[in-house]
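Scroll down for the structure; my scribbles are underneath it.
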Amino acid sequence: MAEEDSTAAQQAAPEPELAPYLIEAARSSRSKCRTCRRKIEKGKLRLGILLEGPYGTGYLWHHLTCAARRRLEDVEAAYADQAFEDGLAVPPLSKLQALEENAAKERANRKEPPYVERSPSGRSKCKNCGEAIAKDALRVVLAREISFGSQVRVTPIYVHAGCVRAELQSKDCMTPTDGFEEQVRQNSRLEASVVNEALAAVGDLEG
Numbered sequence: 000m001a002e003e004d005s006t007a008a009q010q011a012a013p014e015p016e017l018a019p020y021l022i023e024a025a026r027s028s029r030s031k032c033r034t035c036r037r038k039i040e041k042g043k044l045r046l047g048i049l050l051e052g053p054y055g056t057g058y059l060w061h062h063l064t065c066a067a068r069r070r071l072e073d074v075e076a077a078y079a080d081q082a083f084e085d086g087l088a089v090p091p092l093s094k095l096q097a098l099e100e101n102a103a104k105e106r107a108n109r110k111e112p113p114y115v116e117r118s119p120s121g122r123s124k125c126k127n128c129g130e131a132i133a134k135d136a137l138r139v140v141l142a143r144e145i146s147f148g149s150q151v152r153v154t155p156i157y158v159h160a161g162c163v164r165a166e167l168q169s170k171d172c173m174t175p176t177d178g179f180e181e182q183v184r185q186n187s188r189l190e191a192s193v194v195n196e197a198l199a200a201v202g203d204l205e206g
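Note that numbering that gives the first Met the number 0 numbers the sequence shown so that position 198 is 197, with each residue one more than the last.
Take a look at the structure:
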């Protein structure tokens, strides 16, 4: 009887409350980073952010370095709470803060399509015609919608200037025709004469 009472008490006991953050070495390679969407390899440091939902409570995992670049406030809170076991080799918070600073600079310097640039190599291919874009040739960067399972993202693609008109008519192209020339001039960092050369190769989009 005593054994039955003990079992019943164990079954009725509430689950232990989880901390809002947890930094640990991944116990397996099954989890995925919610920031970069890539697998978190076993042994890699990861940050768990507690999520309470209708189907239960658990952690959403991020590579610690990915979280530093995009969710630094959560990383700082986890460090303030010392949300990791003694002896776990975690990097200094200052190193993670430096990652966020560099990521912020990269985001600030990132150009938004559409714009014109010179191809840095001969390895890229035009996403419209499939032909190579020669090194130093002018290419136009447009935005295209791409699906990854249930995820939909907009990503930049490279197109020959002469293929821009056809690509803008593609159902997956997210760059509008209206105001195209103005946007290209505003977003491009090449000399105005070079941008004019590329736009001349693009041709009339209204005809």
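Where a beta carbon is used, it is the ideal one built from N, C-alpha and C, also for glycine.
Check	Outcome
TYR78 - containing alpha helix (DSSP H), residue span	71–79
Environment of PHE147 [buried if 16+ CB atoms lie within 10 Å]	exposed
Sub-8 Å separation of SER123 and TYR157 beta-carbons	yes
Residue range of the alpha helix (DSSP H) that includes PHE83	First-last for PHE83: undefined, no H or E at that position.
LEU95 versus GLY161: straight-line alpha-carbon distance, rounded	44 Å
Euclidean distance between Cα positions of GLN185 and GLU196	15 Å
Residue environment, ILE22, which counts as buried when at least 16 other CB atoms sit within 10 Å	buried
C-beta atoms of GLY52 and TRP60 nearer than 8 Å	no
Minimum C-alpha distance to PRO91 - residue among GLU111, ARG70, THR64	THR64
Delimiting residues of the alpha helix (DSSP H) encompassing LEU137	Premise fails: LEU137 lies in the beta strand (DSSP E), 137–147, not in any alpha helix (DSSP H).
Straight-line gap, GLY178 to GLU205 (C-alpha atoms, nearest Å)	11 Å
Unbroken beta strand (DSSP E) run spanning ALA51, endpoints	Here the sequence assigns Glu to residue 51, which means Ala is not the residue at that position. Note, GLU51: beta strand (DSSP E), 44–52.
Supposed contact pair LEU137 and PRO112 - C-beta distance, whole angstroms, cut 8 Å	The Cβ separation is near 15 Å, so there is no contact.
Nearest to GLU144 (by Cα), restricted to the options CYS172, GLU105, GLU130	CYS172
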